[in-house]
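When we follow numbering that gives the first Met the number 0, the leftmost residue of the sequence shown carries the number 0, and every step to the right adds one.
The beta carbon of each residue, even a glycine, is placed where N, CA and C say it ideally should be.
Here the structure is a predicted model, which means the values were calculated and not measured.
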Amino acid sequence: MKILITGNQGFVGKATENYLKSLIGFEVVGFDIMDRRDIRDIKQLETCVTETQPDRILHLAAIARFSEADKDPKLAIETNVFGTVNVSRVAQKYHIPVVYSSTGSAIMPLNDYTPPFNEEIPARGNSVYGSTKASGEFFIRESKPFIILRYGHLYGAEKRMHGAISGFLDRMQRGLEPVLYGGEQTNSFIYIKDIAMANHKALTAPWDCWNQIYNIGSPEELTTEYVFEQIKKMTGYKGKIEEKEMRTVDPKRFAFDVSKAERMLNFKCEWNFKDGLKDMLEGMGLLK
């Protein structure tokens, strides 16, 4: 099976490409801005599709950080919305199934619902980034067959400088105090190796599982304070932590109902949080 991955040089893209290449019968075609391949250029995308003839498209390419989207909303809209429209149109034209990577906490009006959150919650967006990803969901549904994966909070060695875990480690390594925003808020943390597996499950799903949205996260609901304590223990960090008020973009509770993905995609996390964090820190040479 030949898979075209947009954003294959990114955090999720690299992990998924490596995972697929470790399996028998998969070929990956990359389409990434780092290789001067831009989803905003529909002619370039269509040429790639006609020349390589992929069996599936895994659409990951995006402006994926809140701060980058806030800094340049125009670029975020052009990439995350118009770029996704291009992917959808090309997929429709050549009848290629698409798996679209969406997000959880950034697109849902969580204050209107009680966790654990299921896939019935509509996508609206609570930030520039969240709004662009929610819009992407609307357009990708036009490219049937599609699968939308709403990821939980990702962590892994290659995630740089943003997010609770990567932000902590980055500041720690630079001799700065890690910053804890709030601490009592909860999240569904999921290790990158499980995300790669979930992408594979979606790409190879039977046809009766397509045209659906799936939550991809861990059943563990963990506070940020607990996560920081585990990082401190595993790295041996003895420094101080700067405490600030919880950010408005962070929900007080975020817990996924992942039963649909377990039932229909046969997806279940292989890594609990402690084991995933240990594997990550060991690979980075930071495990005490």
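On a Cα-Cα basis, can you pick out the residue from the options that is closest to residue i?
| i | options | result |
| --- | --- | --- |
| Ser-66 | Arg-123, Asn-110 and Gly-166 | Gly-166 |
| Val-97 | Ile-106, Ala-105, Ser-87 and Ser-104 | Ser-87 |
| Phe-30 | Lys-273, Gly-238, Ile-23 and Ile-41 | Ile-41 |
| Asp-54 | Thr-234, Phe-253, Lys-239 and Leu-202 | Leu-202 |
| Arg-35 | Thr-49, Leu-59, Ile-56 and Gly-6 | Gly-6 |
| Asp-256 | Leu-276, Ala-195 and Asn-186 | Asn-186 |
| Ile-139 | Gln-91, Asp-69 and Lys-1 | Gln-91 |
| Ala-260 | Pro-218, Met-33, Ile-106 and Ala-68 | Pro-218 |
| Ala-75 | Val-89, Cys-268, Ile-164 and Ala-133 | Ala-133 |
| Phe-25 | Tyr-225, Tyr-99 and Ile-2 | Ile-2 |
| Glu-228 | Asp-207, Pro-177, Trp-209 and Ala-195 | Pro-177 |
| Ile-215 | Arg-262, Trp-206, Thr-222 and Pro-205 | Arg-262 |
Is the beta carbon of residue i sitting closer than 7 Å to the one on residue j?
| i | j | result |
| --- | --- | --- |
| Phe-188 | His-152 | yes |
| Gly-12 | Asn-79 | no |
| Tyr-150 | Ile-164 | no |
| Pro-115 | Ala-254 | yes |
| Ser-21 | Leu-59 | no |
| Leu-44 | Val-84 | no |
| Val-27 | Leu-19 | yes |
What are the partner residues of residue i, as DSSP defines its beta bridges?
| i | result |
| --- | --- |
| Thr-51 | Paired residues: none, contrary to the question. |
| Ser-101 | Arg-149 |
| Gln-91 | Looking at the DSSP assignment, Gln-91 forms no beta bridge with any residue, so it has no partner. |
| Leu-3 | Val-28 and Ile-56 |
| Gln-211 | Ile-146 |
| Phe-81 | Answer is none; Phe-81 lacks a bridge partner. |
Taking just the CA atoms, how far does residue j sit from residue i?
| i | j | result |
| --- | --- | --- |
| Gly-307 | Gly-182 | Any answer about residue 307 is impossible in this case: the structure gives the chain only from 0 up to 287. |
| Leu-148 | Leu-285 | 31 Å |
| Glu-281 | Lys-200 | 27 Å |
| Asp-249 | Asn-125 | 9 Å |
| Lys-232 | Trp-270 | 19 Å |
| Thr-51 | Phe-145 | 20 Å |
| Cys-47 | Ile-23 | 24 Å |
| Lys-73 | Phe-81 | 11 Å |
| Glu-241 | Thr-15 | 34 Å |
| Thr-299 | Ile-230 | Because the chain is modelled from 0 through 287, residue 299 falls outside the range shown and cannot be assessed. |
Would you call the stretch 100-117 and the stretch 167-174 in contact, with 3 or more CB pairs under 8 Å? no
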